(Lines of atoms letter the chains of each structure in order from A; the text may use other names.)
(Lines give C-alpha, C1' and ligand atoms only; values in the text may rest on other atoms or scores of the structure.)
Protein backbone atom coordinates (compact mmCIF):
# COMPACT_ATOMS: atom_id res chain seq x y z
CA UNK A 7 0.00 0.00 0.00
CA UNK A 8 1.34 3.42 -0.98
CA UNK A 9 1.88 6.29 1.41
CA UNK A 10 -0.40 9.30 1.34
CA UNK A 11 1.41 12.63 0.87
CA UNK A 12 0.28 15.83 2.58
CA UNK A 13 1.91 19.22 2.04
CA UNK A 14 2.37 21.92 4.67
CA UNK A 15 0.91 25.25 3.44
CA UNK A 16 4.38 26.82 3.65
CA UNK A 17 5.57 24.34 1.01
CA UNK A 18 3.40 26.07 -1.59
CA UNK A 19 5.37 29.27 -0.95
CA UNK A 20 8.60 27.30 -1.16
CA UNK A 21 7.60 25.91 -4.55
CA UNK A 22 6.63 29.33 -5.93
CA UNK A 23 10.23 30.47 -5.43
CA UNK A 24 11.48 27.64 -7.66
CA UNK A 25 11.21 27.69 -11.46
CA UNK A 26 8.49 25.57 -13.06
CA UNK A 27 10.82 22.96 -14.59
CA UNK A 28 12.47 22.30 -11.22
CA UNK A 29 9.04 22.21 -9.52
CA UNK A 30 7.94 19.43 -11.86
CA UNK A 31 11.18 17.54 -11.22
CA UNK A 32 10.78 17.82 -7.44
CA UNK A 33 7.12 16.77 -7.47
CA UNK A 34 7.89 13.82 -9.75
CA UNK A 35 10.68 12.72 -7.39
CA UNK A 36 8.31 12.95 -4.42
CA UNK A 37 5.67 10.88 -6.21
CA UNK A 38 8.13 8.26 -7.42
CA UNK A 39 10.57 7.90 -4.54
CA UNK A 40 8.45 8.52 -1.48
CA UNK A 41 5.08 6.89 -2.09
CA UNK A 42 6.42 3.34 -2.24
CA UNK A 43 9.29 3.43 0.23
CA UNK A 44 9.89 6.76 1.99
CA UNK A 45 13.18 5.71 3.62
CA UNK A 46 14.87 3.97 0.67
CA UNK A 47 16.19 6.98 -1.27
CA UNK A 48 16.44 9.40 1.63
CA UNK A 49 18.23 9.96 4.91
CA UNK A 50 17.21 10.83 8.48
CA UNK A 51 18.15 14.26 9.80
CA UNK A 52 19.93 15.11 13.05
CA UNK A 53 20.01 17.99 15.50
CA UNK A 54 17.04 20.35 15.50
CA UNK A 55 15.51 18.34 12.64
CA UNK A 56 15.68 14.99 14.43
CA UNK A 57 12.65 12.91 13.44
CA UNK A 58 12.58 14.44 9.95
CA UNK A 59 13.83 12.88 6.74
CA UNK A 60 15.36 14.42 3.62
CA UNK A 61 15.04 13.54 -0.02
CA UNK A 62 17.74 14.73 -2.40
CA UNK A 63 16.52 16.31 -5.63
CA UNK A 64 19.79 17.96 -6.55
CA UNK A 65 20.31 20.83 -5.67
CA UNK A 66 17.08 20.87 -3.67
CA UNK A 67 16.02 19.09 -0.49
CA UNK A 68 12.56 17.88 0.50
CA UNK A 69 12.15 17.75 4.28
CA UNK A 70 9.38 15.49 5.56
CA UNK A 71 8.01 13.45 8.47
CA UNK A 72 6.88 9.83 8.22
CA UNK A 73 3.73 8.69 10.04
CA UNK A 74 3.99 4.89 9.81
CA UNK A 75 0.75 4.28 11.70
CA UNK A 76 -1.38 6.15 9.15
CA UNK A 77 1.01 5.55 6.21
CA UNK A 78 1.24 9.28 5.62
CA UNK A 79 4.11 11.60 4.71
CA UNK A 80 4.01 15.24 5.76
CA UNK A 81 6.12 17.40 3.46
CA UNK A 82 7.29 20.26 5.69
CA UNK A 83 9.80 22.18 3.60
CA UNK A 84 11.31 22.30 0.12
CA UNK A 85 14.30 24.45 -0.68
CA UNK A 86 17.79 24.81 -2.08
CA UNK A 87 20.32 22.83 -0.08
CA UNK A 88 22.15 25.97 1.10
CA UNK A 89 18.98 27.54 2.56
CA UNK A 90 16.60 24.75 3.55
CA UNK A 91 18.08 24.04 6.98
CA UNK A 92 18.02 27.68 8.17
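Residue numbers (this note's numbering): 7 to 92.
Glycine is no exception: its CB is placed at the ideal position from the N, C-alpha and C atoms.
For clarity, every value in this text was computed on a predicted model and none was experimentally measured.
Cβ pair residue i, residue j closer than 7 Å
i, j, result
"residue 69", "residue 75", "no"
Pairwise C-alpha distance: residue j and residue i
i, j, result
"residue 19", "residue 44", "23 Å"
"residue 15", "residue 82", "8 Å"
"residue 30", "residue 91", "22 Å"
"residue 77", "residue 12", "11 Å"
"residue 35", "residue 46", "13 Å"
"residue 22", "residue 64", "17 Å"
Contacting residues, own chain, Cβ-Cβ under 7 Å from residue i (five flanking each side not counted)
i, result
"residue 85", "20, 66 and 67"
"residue 8", "41 and 42"
"residue 56", "none"
Contacts around residue i, its chain only, beta-carbon distance under 8 Å, and the 5 residues preceding and following it disregarded
i, result
"residue 17", "81, 82, 83 and 84"
"residue 39", "46, 47, 48 and 61"
Same chain, Cβ closer than 6 Å to residue i, five either side skipped, listed in chain order
i, result
"residue 49", "60"
"residue 87", "65 and 67"
For residue i: DSSP bridge partner residues
i, result
"residue 78", "10 and 73"
Extract the residue ranges of the beta strand (DSSP E) inside the region 21-74, only unbroken runs of 3 or more that lie entirely within it.
48-50, 59-63 and 66-73
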